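Following the numbering used here, the numbering of the sequence shown begins with 97 at its first residue and continues without gaps. Ideal Cβ positions, reconstructed from N, Cα and C, are used throughout, including at glycine. The structure displayed is predicted, hence computed values, not measured ones.
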Amino acid sequence: MVFEDVTFRYRADLPPVHHGVSFTVPGGGLTAFVGPSGAGKTTVFGLIERFYEADGGRVLVDGQDVREWPLERLRAAIGYVEQDAPVLAGTLRENLVFAAPGATDAQIADVLARTRLEGLVERLPEGLGTPVGHRGSRLSGGERQRVAIARALLRGPRLLLLDEATSQLDAVNELALRETVAQAAETTTVLVVAHRLSTVTLADRIVVMDAGRVRAVGTHAELVAGDPLYGELAATQFLATTPDVRT
Ligand SMILES: Nc1ncnc2c1ncn2[C@@H]1O[C@H](COP(=O)(O)OP(=O)(O)O)[C@@H](O)[C@H]1O
Ligand SMILES: [Mg+2]
Numbered sequence: 097m098v099f100e101d102v103t104f105r106y107r108a109d110l111p112p113v114h115h116g117v118s119f120t121v122p123g124g125g126l127t128a129f130v131g132p133s134g135a136g137k138t139t140v141f142g143l144i145e146r147f148y149e150a151d152g153g154r155v156l157v158d159g160q161d162v163r164e165w166p167l168e169r170l171r172a173a174i175g176y177v178e179q180d181a182p183v184l185a186g187t188l189r190e191n192l193v194f195a196a197p198g199a200t201d202a203q204i205a206d207v208l209a210r211t212r213l214e215g216l217v218e219r220l221p222e223g224l225g226t227p228v229g230h231r232g233s234r235l236s237g238g239e240r241q242r243v244a245i246a247r248a249l250l251r252g253p254r255l256l257l258l259d260e261a262t263s264q265l266d267a268v269n270e271l272a273l274r275e276t277v278a279q280a281a282e283t284t285t286v287l288v289v290a291h292r293l294s295t296v297t298l299a300d301r302i303v304v305m306d307a308g309r310v311r312a313v314g315t316h317a318e319l320v321a322g323d324p325l326y327g328e329l330a331a332t333q334f335l336a337t338t339p340d341v342r343t
């Protein structure tokens, strides 16, 4: 997964959003994207999925320009969990197999374990057959997010893109999300737009974006020592909005 000097604007009459974005993500592991609101983080995901195409530079997935991938194959290779992870009307099971109708019970059980949703299934009166309601109103925010991750993982993606929700999580859901992300990164390449220090500290590498540029790449320790913006984000935004469960 490579961005090579990518420039991009949403419309000709709007200012550029990416001013030459470059980074390389090796296969496997967890890469976190952090930066102020409007930095262009979510746009990175839109360009990988080819919802939009770069005006200049290249986006490579598996070494191949996304414009050369057959769109269906590209999208099939990617699991994308958007920031406001949608849970649909219908049962929990229907929500999980929505994009993978051939999933077996064993595959569903595996993914429920990996996303720490087994307890939820036990608590629901009809288990997997329980209607979870329009937009998942029967689930907590943290559970909705993990249901969306479980749905994406059931498709066996090569690349998982996770745009973390900004809403606050209680300590139990925070830990469950952290474990889910860590485990997903053991088997697939995971890119996460991170809003929690607890996710960021897990990352193999962190890409710090600001105003449409990559300003630094490194580990948490390297960036705390070397990048003032990262230090500020880590000390205020992350810590202010989430409990610290690094221990
Ligand atoms: N669909 C869109 N049309 C026009 N402008 C957009 C669209 N999506 C995002 N933008 C603008 O692009 C910039 C970067 O947005 P985004 O990638 O969502 O940033 P981040 O995820 O880092 O907060 C912002 O100025 C935002 O307003
Ligand atoms: Mg965003």
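Excluding its 5 nearest sequence neighbours in each direction, Ile-204 has C-beta neighbours in its own chain below 8 Å: Arg-189, Leu-192, Val-193, Leu-224 and Leu-250, listed in chain order.
In the same chain as Glu-275, and ignoring 5 residues on each side of it, the C-beta atoms closer than 8 Å to its own belong to Arg-212, in chain order.
Distance from the CA atom of Thr-187 to the CA atom of Val-228, rounded to whole angstroms, is 5 Å. For Val-289, the shortest C-beta to heavy atom distance toward ligand 1 is below 7 Å. In the three-state scheme derived from DSSP, where H, G and I count as helix and E and B as strand, Glu-282 is classed as helix. Selection Gly-125, Leu-126, Gly-123 and Trp-165 evaluated against Leu-143 yields Trp-165 as nearest (Cα-Cα). By the criterion of a C-beta distance shorter than 8 Å, Pro-221 is surrounded by no residue of its chain, once the five residues flanking it on both sides are discounted. With a threshold of 16 other beta carbon atoms within 10 Å, Gln-241 meets it and is buried. By the neighbour-count criterion, in which 16 or more other beta carbons inside 10 Å mark a residue as buried, Arg-292 falls on the buried side. Spanning the alpha carbons of Ile-245 and Leu-271 requires a straight line of approximately 15 Å. In the DSSP annotation of this structure, the continuous segment of the alpha helix (DSSP H) that includes Tyr-326 starts and ends at 324-329.
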